[in-house]
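Which chain is which? The protein sequence lines are L and E, in order. Here my numbering runs 12 ahead of the position in the first sequence, where the first position is 1. Here my numbering runs 12 ahead of the position in the second sequence, where the first position is 1. Worksheet for the structure shown next.
Protein chains: 2
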Amino acid sequence: MKVRRSERLVEMAIYFQQNPNITTPLNYFSEKFQSAKSSISEDLTIIKNSFEENSMGSLVTYAGARGGVQYKPYYETQQLEKEILALQNEINGSERLLPGGYIYTSDLLSDPKWLKRIGKVIASKYITEEIDTIMTIATKGVPIAQAVAYNLNVPFVIVRKSSKVTEGPTVSINYLPRSSSEQVEKMELSKRSLKEGSKILIIDDFLRGGGTVTGLERMAEEFNCEVVDSVVFLEHNSKVSVEHYHSLLRVKSVNEEENTIEVETGNFLSL
Amino acid sequence: MKVRRSERLVEMAIYFQQNPNITTPLNYFSEKFQSAKSSISEDLTIIKNSFEENSMGSLVTYAGARGGVQYKPYYETQQLEKEILALQNEINGSERLLPGGYIYTSDLLSDPKWLKRIGKVIASKYITEEIDTIMTIATKGVPIAQAVAYNLNVPFVIVRKSSKVTEGPTVSINYLPRSSSEQVEKMELSKRSLKEGSKILIIDDFLRGGGTVTGLERMAEEFNCEVVDSVVFLEHNSKVSVEHYHSLLRVKSVNEEENTIEVETGNFLSL
Numbered sequence: 013m014k015v016r017r018s019e020r021l022v023e024m025a026i027y028f029q030q031n032p033n034i035t036t037p038l039n040y041f042s043e044k045f046q047s048a049k050s051s052i053s054e055d056l057t058i059i060k061n062s063f064e065e066n067s068m069g070s071l072v073t074y075a076g077a078r079g080g081v082q083y084k085p086y087y088e089t090q091q092l093e094k095e096i097l098a099l100q101n102e103i104n105g106s107e108r109l110l111p112g113g114y115i116y117t118s119d120l121l122s123d124p125k126w127l128k129r130i131g132k133v134i135a136s137k138y139i140t141e142e143i144d145t146i147m148t149i150a151t152k153g154v155p156i157a158q159a160v161a162y163n164l165n166v167p168f169v170i171v172r173k174s175s176k177v178t179e180g181p182t183v184s185i186n187y188l189p190r191s192s193s194e195q196v197e198k199m200e201l202s203k204r205s206l207k208e209g210s211k212i213l214i215i216d217d218f219l220r221g222g223g224t225v226t227g228l229e230r231m232a233e234e235f236n237c238e239v240v241d242s243v244v245f246l247e248h249n250s251k252v253s254v255e256h257y258h259s260l261l262r263v264k265s266v267n268e269e270e271n272t273i274e275v276e277t278g279n280f281l282s283l
Numbered sequence: 013m014k015v016r017r018s019e020r021l022v023e024m025a026i027y028f029q030q031n032p033n034i035t036t037p038l039n040y041f042s043e044k045f046q047s048a049k050s051s052i053s054e055d056l057t058i059i060k061n062s063f064e065e066n067s068m069g070s071l072v073t074y075a076g077a078r079g080g081v082q083y084k085p086y087y088e089t090q091q092l093e094k095e096i097l098a099l100q101n102e103i104n105g106s107e108r109l110l111p112g113g114y115i116y117t118s119d120l121l122s123d124p125k126w127l128k129r130i131g132k133v134i135a136s137k138y139i140t141e142e143i144d145t146i147m148t149i150a151t152k153g154v155p156i157a158q159a160v161a162y163n164l165n166v167p168f169v170i171v172r173k174s175s176k177v178t179e180g181p182t183v184s185i186n187y188l189p190r191s192s193s194e195q196v197e198k199m200e201l202s203k204r205s206l207k208e209g210s211k212i213l214i215i216d217d218f219l220r221g222g223g224t225v226t227g228l229e230r231m232a233e234e235f236n237c238e239v240v241d242s243v244v245f246l247e248h249n250s251k252v253s254v255e256h257y258h259s260l261l262r263v264k265s266v267n268e269e270e271n272t273i274e275v276e277t278g279n280f281l282s283l
């Protein structure tokens, strides 16, 4: 066995993992490894097969002058279902119920093991879409946004309830965080953080009435950006004002007397 | 060339990348691939060499009943210097200067390409230390904390200036965000998010007087946790009240009239 190939395989596999969703010309590899393009092509076939067999996504090759190869990280439908079921099983437990019917999920949303899986689950559905930027709102949406951004290889912007001196000029809008309440709140986004005309994926951890997502949509409008979709980790079944969104999980029932919650799969899989 | 080995190499390389800093018994691989332990050992040697040659870290093998192999992601000193220099060059530009001598870094701290590098830079120095949890404060510390957590494979906890209904009971302390001011602020951390006795690495984006890091240290004390170290991305050279901390970069000079800033390497490399 030629050691050269094995080294190339290891290096290329890692390279793709670290640089998802961008096109790398074959030249890059043949020059880096001083190998013939035919050898690189063989390597790519091995890596592609390995990725596909292990539900890691796939390699896509583009022909032409600006062509090359791109790693698309995604779960196949079956694995996607398994991943969401694993999340569901993790959350279904009475220890997570908080007063007011809220659910404690901070442990999941700050654990790299879960975040990596959640990021790949969400990215799976948008990996072939044109997304320029992920938009989220501080604080708990941030880790999910970052996890998705790692897979889609695009930056994320953080909308905040109050901006800081380190943000520069901001655009500010008012929104109704709860459809039930009349209390208007403010959200702000640094002007220089988001380019006009970007295609946006909105990410948040929790959706109850949809007021926050509606606010984020309006913020995107202020920047003349197009919202491709909105995804939330957990949706609480109630009257939702926002029209288009997808949820990984949905709260089916909360029994505060018996201190139990039941979570089911959201509408994300039907995407 | 046996296809089997090439597939194993690709899969194992990816496995290590996705599961850094934990020990996996060799049995896991020999069972998964139905291969002899001797073959797995050869694979590991190839992967280890490849990792080391490409400044990706190394594989460490532990003998004994609870032994196995562990991927330690880190940059060697030389690469570490290069990475910090790259950050320095990226920040040294007048377009980043904000009123009050603050520096705009949100673009770097929300771009996966930079975050992955920053996360690995910081992890490099703590990959052989016993760290249980990373502690950060909302909002801009979160992406750095997550990036480091991805490498150290430990959870992070987010201290907040005001807690939310989704956090459950919290511990709250008062702190002086600025040594110059007398204004006391409050920071809170969800009680269930941090285990007593944990070893903590504090991460934040910016340090001026050190009040926030001091506050975080005190918060750790409230949980009977030990702070191993505190790392900030950018330090502004001024009177610092906190005793132990490390910074990747340090603001050397700010000239608001000429609208220029100069950033130099912090004391992180001397760690």
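From the three backbone atoms N, C-alpha and C, an ideal C-beta is built for every residue, glycine too.
1. Determine the extent of the alpha helix (DSSP H) in which Leu-164 (chain E) is found, giving its start and end residues.
2. So, for Val-266 (chain E): in the same chain, excluding its five sequence neighbours on each side, which residues have a beta-carbon less than 6 Å away from its beta-carbon?
3. For a contact defined as C-beta to C-beta under 7 Å, what are the partners of Phe-6 (chain E) on chain L?
4. With three or more C-beta pairs closer than 8 Å as the rule, is the region 42-51 of chain E touching the region 34-42 of chain L?
5. Note down, in chain order, every chain E residue with its Cβ under 8 Å from the Cβ of Leu-21 (chain L).
6. With 9 Å set as the bound, which would you pick, yes or no: does the beta-carbon of Phe-63 (chain E) sit closer than that to a beta-carbon of chain L?
7. For Lys-176 (chain E), would you say it is in contact with chain L, using Cβ-to-Cβ distances shorter than 9 Å as the test?
8. In the DSSP assignment, the beta strand (DSSP E) including Gly-80 (chain L) goes from what residue to what residue?
9. Does any CB atom of chain E fall closer than 9 Å to the CB of Thr-151 (chain L)?
10. According to DSSP, what are the bridge partners of His-258 (chain E)?
11. With a threshold of 16 other CB atoms inside 10 Å of the CB of Val-177 (chain L), please say whether the residue is buried or exposed.
12. Would Leu-219 (chain E) and Tyr-257 (chain E) qualify as a contact pair, given that the criterion is a beta-carbon distance under 9 Å?
13. According to DSSP, simplified to helix, strand and coil, what is Asp-144 (chain E)?
14. Considering Val-207 (chain L), what are the terminal residues of the beta strand (DSSP E) in which it resides?
15. Please classify Ala-75 (chain L) as buried or exposed, where buried requires at least 16 other C-beta atoms within 10 Å of its C-beta.
16. Return no unless some Cβ of chain L is closer than 9 Å to the Cβ of Leu-38 (chain E).
17. Determine contact between the region 137-154 of chain L and the region 232-251 of chain L, defined as no fewer than three beta-carbon pairs at a distance below 8 Å.
18. For Met-68 (chain E), go through chain L and note every residue whose CB falls closer than 7 Å to its CB, in chain order.
19. Rounding to the nearest angstrom, what Cα-Cα distance links Ser-53 (chain L) and Met-24 (chain E) in this structure?
20. How is Arg-172 (chain L) classed by DSSP in three states: helix, strand or coil?
21. For Phe-41 (chain E), would you say it is in contact with chain L, using Cβ-to-Cβ distances shorter than 9 Å as the test?
22. Using 8 Å as the Cβ pair cut-off and three pairs as the minimum, do the region 146-154 of chain L and the region 163-172 of chain L touch?
23. When you compare the CB positions of Ile-185 (chain L) and Gln-29 (chain E), do they come within less than 9 Å of one another, or not?
24. Can you check which of these residues, E:Ala-77, E:Glu-19, E:Ser-67, E:Lys-137, is closest to Leu-38 (chain E) by C-alpha distance?
25. For Ile-115 (chain L), decide whether its Cβ has a neighbour in chain E, counting only Cβ atoms nearer than 9 Å.
26. Any residues in the region 198-221 of chain E with a beta carbon nearer than 9 Å to a beta carbon of chain L? Which ones, in chain order?
27. Leaving out five residues on either side along the sequence, give the residues of the same chain with a beta carbon under 7 Å from the beta carbon of Asn-236 (chain E).
28. Tell me the rounded alpha-carbon separation between Leu-71 (chain E) and Met-231 (chain L).
29. Do you know how far the Cα of Ile-214 (chain E) is from the Cα of Pro-189 (chain E)?
30. Would you say Leu-188 (chain L) faces chain B, with C-beta separation under 9 Å as the test?
31. Run through chain E and tell me which residues come within less than 7 Å of Val-154 (chain L), C-beta to C-beta.
32. With DSSP run on the structure shown, which of helix, strand or coil describes Ile-139 (chain E)?
33. Between Gly-180 (chain L) and chain E, is the shortest Cβ-Cβ distance under 9 Å, so that the two count as touching?
34. Assign Glu-274 (chain L) to one of three DSSP states: helix, strand, or coil.
35. Can you round the beta-carbon distance between Val-22 (chain L) and Ile-59 (chain E) to whole angstroms, since I take them to be within the 8 Å contact cut?
36. Are the Cβ atoms of Ser-67 (chain L) and Tyr-87 (chain L) separated by less than 9 Å?
For this structure:
1. 153-164
2. Gly-113, Ile-273
3. With chain E represented from 13 up to 283, any question about residue 6 (chain E) goes unanswered, as that position is not in the structure.
4. no
5. Ser-18, Leu-21, Val-22, Ala-25
6. yes
7. yes
8. 80-84
9. yes
10. E:Val-243
11. exposed
12. yes
13. coil
14. As written in the sequence, residue 207 (chain L) is Lys, which differs from the Val given in the question. Unbroken run through Lys-207 (chain L): none, as it is neither H nor E.
15. exposed
16. no
17. yes
18. Ile-26
19. 21 Å
20. strand
21. no
22. yes
23. no
24. E:Ala-77
25. yes
26. Ser-202, Arg-204, Ser-205, Asp-217, Phe-218
27. Glu-208, Gly-209
28. 46 Å
29. 16 Å
30. Structure shown: chain B not included; protein chains present are L and E.
31. Thr-151, Val-154, Pro-155
32. coil
33. yes
34. strand
35. 5 Å
36. yes
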